[in-house]
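Protein chains in written order, with this note's numbering: chain A, 71 to 241; chain B, 21 to 614.
Below you can see the structure in the form of structure tokens.
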């Protein structure tokens, strides 16, 4: 069974040896835990960046769980994504304080500059825009999160610089 | 542990690092060695102290509480000589008389009493010794050596401590249920899934004083007879997760977690589990489902978690803040704690203040303080001296309270009676420019999105409410909408399983009750009194004040603004999407909403 599955992989994360090794390591390290599913999925989402349907099958087989259950969990939580994300993620906090402080204007500006909607990735695969629920930095509203960096008191006219900074980081 | 007479905290947030914070630390160290002070003064790295944009890099000297800012490496020799050798404050490097600790947590203001927040910003959260130095784990030692589990429960019960997650259930009673329940293994769970938008107190405690939570959990586990614990933290708080993991590791190395804690024969271990962005997982049965590795869907109670919880075993769930109170109660006694607060709500509560208030950030006040005292005395009043309109308490399951309710004493019962909840202590203050219908719509969008979908009233009902509210905000409201909304609110509240569904209608119900006139203006007059709802407003540039600086035109996301340089610009209403960027940016207040 395992060998026939082996041949049919089309997902890059399962073909690439180092990524595959990462997935296997996360599975090995955690499969003995009670309630391993969430720990494994969180680990894979963090290191690989997404959990495709093919990866869900792979995880299910390794954990000895039905695929339907793994898929159920993946689709339930908003942090799990099934398609690859961009290299960098800009999250817009749409919590109450950020909403009151005008996060919508920042989102408008981002849409204008990048030409994509929240949830989408730029064509060059560099930036993904996401909306997220309160990151708990309300006293600095409006807040965006660039990768893991929380930036507060964002202004629409200074936002283009954020994008430029990401681009210049990449050279 | 070595004794230092002074501690120098150097802020190493990204901006300060860029401005040379690490060079500053090296220079400080070299200079202290040179002056032979290296055994007397300790240099520590800390998070943000002041505003790094204008002040960084800066440092704080304790116990003197002297805040030096805008320093360069060249200032260090003089500073070390003056302050540490001669013991004189080097006035020229103090840029501000009043120290601002950070944006979220400033020095305690009058009327504040800090129990949960007492260590935050004062100790290095990643160093267990600093926690121990401030009486940390003394309560645990006392409990394990001098008190029986039953005495521990009684002490917590006598203190009157109630669940800080919002439900307000007596903590001691919960522990007693677990103690008396039958089960092979009992679990102690910490709910660190602080999902309410507008609340961030738990995050600060987890990040700033992780050991207070761990100690509270061990004491609770001893009292309730639990052997394994879980801290369920939301994925939006990666730093809190990392800090907690490090703190648990340290506690284990010190023999405070694991087998035979402090030689008492009592064993307990802890693990951090992460959520993945589902708000409903803050509900206790959903939270347990998530730890077990399932979809975070709530289930009916009874059986209560105390009987059949995690993996069908008796489980105790308390909030971060609840646990964090426990060590202090054990150390200072139930009477001391019960002496703080108001009626049946004893002790203090943290509030995360945000929105249109001058001093945003975290505060901790005794129960019984009024909203007016919180907003005006502690919060400094409304920003830009605008008029107060409403305060939203308790997150998306809470309600919006108007001016008339400002003199309510803050406690579980009074807020409940006013149609809101205490929740996790989020306070979002709104000024006159906030449209209450739009706010109700915002919250419904949130709950509609976060509803797990299990119960039809919540899944479908919140969507229907959202549709109606959206329609009203767009100027297409119908007269019967208000009655339909009221009806839906009652139905959802009565027929949903968990707190999310039961509380979901609160923002709509409370705004309907207190701000009905705004709903009516939208529906009958097609007017948004606060000038927020896009379909009901128009942006115009006023001829006089506009200098033709082109700032608005350059920043308009849809290029709706045109005009020659130095001449009054015009907004094309057909293109304008009413995002309001121009109005926010215009330095001359030349843009008017009509």
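Backbone N, C-alpha and C define an ideal beta-carbon position, used for all residues, glycine too. Computed from a prediction, not measured in an experiment: that's the story for all the values here.
Can you pull the chain B neighbours of residue i, defined as C-beta to C-beta under 8 angstroms?
i	result
residue 148 of chain A	296, 297, 298
residue 175 of chain A	599, 600, 601, 604
residue 182 of chain A	577, 578
residue 203 of chain A	215, 217, 256, 297, 299, 466, 470
residue 112 of chain A	255, 294, 296
Just to confirm, is the Cβ distance from residue i to residue j under 8 angstroms?
i	j	result
residue 467 of chain B	residue 520 of chain B	yes
residue 195 of chain B	residue 94 of chain B	no
residue 312 of chain B	residue 105 of chain A	yes
residue 274 of chain B	residue 135 of chain B	no
residue 184 of chain B	residue 146 of chain A	no
residue 596 of chain B	residue 559 of chain B	yes
residue 550 of chain B	residue 453 of chain B	yes
residue 294 of chain B	residue 131 of chain A	no
residue 397 of chain B	residue 130 of chain B	yes
residue 368 of chain B	residue 133 of chain B	yes
residue 64 of chain B	residue 103 of chain B	no
Starting from residue i, find everything on chain B with Cβ-Cβ shorter than 9 angstroms and list it in chain order.
i	result
residue 218 of chain A	258, 259
residue 238 of chain A	The premise fails here: residue 238 of chain A is roughly 15 angstroms from chain B at the closest Cβ pair, so nothing lies under 9 angstroms.
Excluding the five sequence neighbours on either side, which residues of its own chain have a C-beta within less than 8 angstroms of the C-beta of residue i, listed in chain order?
i	result
residue 609 of chain B	565
residue 211 of chain B	185, 252, 302, 304, 307, 337, 338, 339, 340
residue 157 of chain A	195, 196, 197, 240
residue 567 of chain B	586, 608, 610
Counting only Cβ pairs nearer than 7 angstroms, list the residues of chain B close to residue i.
i	result
residue 99 of chain A	Simply none; closest approach about 14 angstroms.
residue 136 of chain A	Result: empty, since nearest Cβ-Cβ is about 12 angstroms, beyond 7 angstroms.
residue 200 of chain A	Going along chain B, no residue has its Cβ under 7 angstroms from residue 200 of chain A, so there is no contact; the nearest lies around 10 angstroms.
residue 227 of chain A	575, 605
List the residues of chain A that residue i touches, going by C-beta distances under 7 angstroms, in chain order.
i	result
residue 450 of chain B	170
residue 310 of chain B	108
residue 381 of chain B	209
Along the chain, where does the alpha helix (DSSP H) that runs through residue i open and close?
i	result
residue 480 of chain B	476-493
residue 558 of chain B	Where residue 558 of chain B is concerned, there is no enclosing alpha helix (DSSP H), given that its DSSP letter is neither H nor E.
residue 36 of chain B	34-38
residue 151 of chain B	148-153
Below 6 angstroms CB to CB, which residues in the same chain sit around residue i once its five sequence neighbours on both sides are set aside?
i	result
residue 159 of chain B	347, 350, 351
residue 118 of chain B	In this prediction, residue 118 of chain B scores a pLDDT of 39, lower than 50, which makes its location untrustworthy; no coordinate-derived value is stated.
residue 122 of chain A	81, 152
residue 318 of chain B	303, 305, 306, 517, 518
residue 432 of chain B	188, 365, 442
residue 197 of chain B	326
residue 85 of chain A	79
residue 223 of chain A	210
residue 124 of chain B	381, 382
Identify the contact partners of residue i in chain A, using a Cβ-Cβ distance below 9 angstroms as the criterion.
i	result
residue 423 of chain B	Residues of chain A passing the Cβ test: none, with the nearest at roughly 18 angstroms.
residue 207 of chain B	Here the premise fails: no neighbours, minimum Cβ distance about 11 angstroms.
residue 331 of chain B	104, 105
residue 314 of chain B	105, 107, 108, 139, 142, 143, 146
residue 376 of chain B	170, 171
Take residue i and list the residues in its own chain whose beta-carbon comes closer than 7 angstroms to its own, dropping the five residues that flank it on each side.
i	result
residue 243 of chain A	A question about residue 243 of chain A goes unanswered here, because the residues of chain A that appear run from 71 up to 241.
residue 228 of chain A	none
residue 204 of chain B	333
residue 208 of chain A	165, 167
residue 264 of chain B	226, 230, 251, 253, 292
residue 554 of chain B	598
residue 103 of chain A	109
Kindly indicate the opening and closing residues of the beta strand (DSSP E) around residue i.
i	result
residue 26 of chain B	26-31
residue 335 of chain B	335-339
residue 293 of chain B	289-294
residue 413 of chain B	408-413
residue 457 of chain B	Looking at the DSSP string, residue 457 of chain B is not in any beta strand (DSSP E); the run it does join, the alpha helix (DSSP H), is 456-470.
residue 129 of chain B	Neither: residue 129 of chain B is in no beta strand (DSSP E) and is coded neither H nor E.
residue 83 of chain B	Neither: residue 83 of chain B is in no beta strand (DSSP E) and is coded neither H nor E.
Counting only C-beta atoms, is residue i closer than 8 angstroms to chain C at any point?
i	result
residue 157 of chain A	Among the chains of the structure shown, chain C does not appear; the protein chains present are A and B.
What residues from chain A crowd round residue i, counting only those whose CB sits closer than 8 angstroms?
i	result
residue 412 of chain B	166
With contact counted as at least three CB pairs below 8 angstroms, one residue from each stretch, are the region 189-199 of chain A and the region 230-238 of chain A in contact? Contact between the region 189-199 of chain A and the region 230-238 of chain A is present, with at least three C-beta pairs closer than 8 angstroms.
Just checking, does the region 526-544 of chain B make contact with the region 478-498 of chain B on the three C-beta pairs under 8 angstroms criterion? With a cut-off of 8 angstroms, the region 478-498 of chain B and the region 526-544 of chain B count as touching, because enough Cβ pairs lie within range.
Inter-stretch contact (C-beta, 8 angstroms, three-pair minimum) for the region 439-452 of chain B and the region 362-379 of chain B: Contact between the region 439-452 of chain B and the region 362-379 of chain B is present, because at least three Cβ pairs lie under 8 angstroms.
Is there contact here, the region 473-491 of chain B with the region 566-575 of chain B, by at least three beta-carbon pairs under 8 angstroms? Per the Cβ contact rule, the region 473-491 of chain B is not in contact with the region 566-575 of chain B (fewer than 3 Cβ pairs under 8 angstroms).
Closer than 8 angstroms is the cut-off here; do at least three beta carbon pairs connect the region 280-287 of chain B with the region 470-485 of chain B? Counting Cβ pairs under 8 angstroms, fewer than three are found: no touch.
Could you say if the region 174-189 of chain A and the region 127-144 of chain A meet the contact criterion of at least three C-beta pairs nearer than 8 angstroms? The region 174-189 of chain A, when compared against the region 127-144 of chain A, does not touch it at the 8 angstroms Cβ threshold.
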